[in-house]
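To start, the structure itself, in structure tokens.
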Amino acid sequence: MSVEIIALIVFAGVFAVSAIRNVHMGALALVAAFIVGIGFVGEGLDDILEAFPVDTLLILLGITYLFGMARETGTIDWLVDRSVRLVGPRVSLLPWAMWLIGTGVACLGTSHAAFAVVPIAMSLATTHRISPTLMGIAMSSAIVGGALAPTSINGITVATIAEDTGLPYNAGLMFVLSVGVNALVVLAAFLMFGGPELIRRSRRGTAAAAEPAGSGGSGSATGTPGSATGTLGSATGTPGSATGTAGTATGTLAITDTTAAAPPPITRIQVIVLCALFALIAGFFGLTVLDVDVNLGVVALTLAVILSLLVPDVGRRAMSKVDWGTILLLGGIMTYVGVLTRLGAIDQLGELARSVNIPLIAAIVICVIAGLVSAFASTIGILGALIPLAVPLLMPGGGLEMTGFIYALAISASLVDCAPFSTTGATIVASAAEDERPLLSRRLTVWGFAMVLIGPAATIITMVLPPLLLAG
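Using the working numbering, read the sequence shown as starting at 1 and increasing by one per residue.
Listed below in structure tokens is the structure:
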């Protein structure tokens, strides 16, 4: 058996062992890179570590540290509270409002930040008699949709891998496509799981609110918001594990009737943090437009350090919010992919892909594999592995050049995250009312595995096939 085949088998084994034994995939991949590189190939340690993505990890460090400070100062809570109050008595808008809020929060460095919104959303669903399946799918779509933003970990990862492999990639277009696809997913769930009834109830509630005082109350069956309390915290779970768990919550945020309580005032430090976040986003787009070669992580880390000088206690607490698990995960996967590339295993897989008479079939198979593995393992990990493997299909003569395959692959791998085997799905189920969890878990399982096929089919048809037909 050739060394290339052994290396590929070990790579597949990393995913399998991580899923079965719940061992950190990044640590496994990094150790496997050392074993294969040193033991089978005879490389030196420096050669193996050449592929360790220092620039990308610096981005992840700076981004997650800065947005960790935003959570520690209550800035994210303040934004969520203000956003929910805008909905008022329109109960049919609650799933959409929570989807928008979750998407916005997921854009802020790490999609895991949106896990703090999940308990609030599921509590509101119970209070207002909204289908927990609808709310769960809305929150999953928010998390995975915002995760592909240029300022979030998954989006940064895909952009970095595409850049390293020389593929054309537009981070803004990736985000727009991701949000658009997930909006359609939420719309489908809205129509299937009680959305029309919520619209009718909202109309009755609006009509009741227009009647003279005394004809209705804020806690009536018309669905006018009463008081719902959601627990805020960071859901913990080892990236790449087969089952994520909703972690210990810290603190609470009450979402109350806007007519019953005044909103909490914004503090001085929250204003400063909001300015820092605006500076980061403006800086990202400014640097992109000006084509300035400055690591975004350096900008984010600089802003975070400035904030920590102003409030040292918050800075120390925010350090625990840095997503070290994802940093290790991406570092391990990319290091092992570097070993595979130097061995020529990637080129061999490319030749195998080129041998397929219909490259479109190879693209569909890769997207299906991405979705299936991502349902049990890490989305970032599978993207880090499959995008380099798909490069030969996207090169001249590969049959898929200049297409949206990278966008299709990234979205296909993320749509399945609502399944309760992933960290996102497990957090949603754990945040629901206890009596709702069994049915919710079954429905999310069915929905997630349906996305394994529906996601690739929809994205290939809309993002890959049209350019091929135009080129033909």
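Ideal placement from N, C-alpha and C gives every residue a C-beta, glycine not left out. These numbers come from a predicted model, not from an experiment.
### Task
Would you list the one or two residues that DSSP bridges to serine 152?
Gly109
### Task
Please go through the same chain and pick out, in chain order, the residues whose beta-carbon is closer than 7 angstroms to the beta-carbon of valine 373, but skip the five residues on each side of it.
Phe15, Ile382
### Message
Check for me: the alpha helix (DSSP H) holding arginine 437 runs from which residue to which?
### Response
437-459
### Message
What does the alpha-carbon distance come out to for the pair leucine 340 and glutamate 4?
### Response
7 angstroms
### Query
Taking the C-alpha atoms as reference points, what is the distance between alanine 249 and leucine 465?
Annotation note: pLDDT 35 at alanine 249 (below 50); position unreliable, no value reported.
### Query
How is the alpha helix (DSSP H) around serine 422 delimited, first residue to last?
That residue, serine 422, is in no alpha helix (DSSP H); it is neither H nor E in DSSP.
### Message
Taking 7 angstroms as the limit between beta carbons, can you name the residues of its chain near alanine 174, skipping five residues before and five after?
### Response
Checking the sequence, you will find methionine at residue 174 rather than alanine. Closer than 7 angstroms at the Cβ level, and outside the excluded window around methionine 174, lie Leu148, Gly155, Val158, Tyr407, Ala410.
### Query
Is the Cβ-Cβ distance between isoleucine 428 and glycine 136 less than 8 angstroms?
yes
### Query
Cβ of alanine 142 within 8 angstroms of Cβ of alanine 113?
no
### Query
Taking buried to mean at least 16 other C-beta atoms within 10 Å of its own C-beta, is threonine 267 buried or exposed?
exposed
### Query
Exposed or buried, which one is cysteine 275 when buried takes at least 16 other CB atoms within 10 Å?
exposed
### Query
Taking Cβ to Cβ, would you say alanine 475 is nearer than 8 angstroms to methionine 25?
Absent from the model: residue 475. The displayed extent of the chain is 1 to 472, so no value can be given.
### Three-state secondary structure (DSSP) of glutamate 50
coil
### Nearest neighbour of valine 181, chosen from Leu469, Ile364, Ile460 [CA to CA]
Ile460
### Query
Any idea if serine 2 is buried or exposed, counting beta-carbon neighbours within 10 angstroms, 16 or more meaning buried?
exposed
### Query
Which value, in whole angstroms, describes the spacing of the CA atoms of leucine 329 and alanine 363?
25 angstroms
### Message
Using the three-state DSSP reduction, which class does proline 196 fall into: helix, strand or coil?
### Response
helix
### Task
State the start and end residues of the unbroken alpha helix (DSSP H) segment that holds aspartate 417.
Counting along the chain, aspartate 417 falls outside any alpha helix (DSSP H), and DSSP gives it neither H nor E.
### Query
tyrosine 169 by DSSP, collapsed to three states: which one?
coil
### Query
So glutamate 72 packs on valine 314, CB below 8 angstroms; how close in whole Å?
5 angstroms
### Query
Can you give the Cα-Cα distance for threonine 335 and asparagine 170, rounded to whole angstroms?
24 angstroms
### Task
Under 6 angstroms Cβ to Cβ from valine 144, same chain only, skipping five residues before and after it: list those, please.
Ser414, Asp417
### Query
What is the C-beta distance between leucine 58 and valine 298, in whole angstroms, given that I count them as a contact (C-beta under 8 angstroms)?
7 angstroms
### Message
Using a Cβ-Cβ cutoff of less than 7 angstroms, which residues in the same chain neighbour isoleucine 281 once the five nearest sequence positions on both sides are dropped?
### Response
Thr151
### Query
Are the Cβ atoms of alanine 375 and alanine 419 separated by less than 8 angstroms?
yes
### Task
Identify the continuous alpha helix (DSSP H) that holds threonine 267 and give its terminal residues.
Element bounds for threonine 267: n/a, residue is neither H nor E.
### Message
Looking at serine 92: is its Cβ nearer than 8 angstroms to the Cβ of isoleucine 199?
### Response
yes
### Task
Answer yes or no: do glycine 338 and glutamate 50 have a C-beta to C-beta separation smaller than 8 angstroms?
yes
#### Entry: Simplified DSSP state of glutamate 163, which is helix, strand or coil
helix
### Task
Please confirm whether valine 452 and glycine 384 have their CB atoms less than 8 angstroms apart.
no
#### Entry: Simplified DSSP assignment, three categories, for isoleucine 120
helix
### Rounded separation between arginine 21 and threonine 160 - CA only
29 angstroms
### Task
Can you give me the start and stop residues for the alpha helix (DSSP H) that threonine 73 sits inside?
Counting along the chain, threonine 73 falls outside any alpha helix (DSSP H), and DSSP gives it neither H nor E.
### Query
CA-CA distance, leucine 310 and leucine 303?
11 angstroms
### Query
Taking just the CA atoms, how far does proline 467 sit from leucine 187?
27 angstroms
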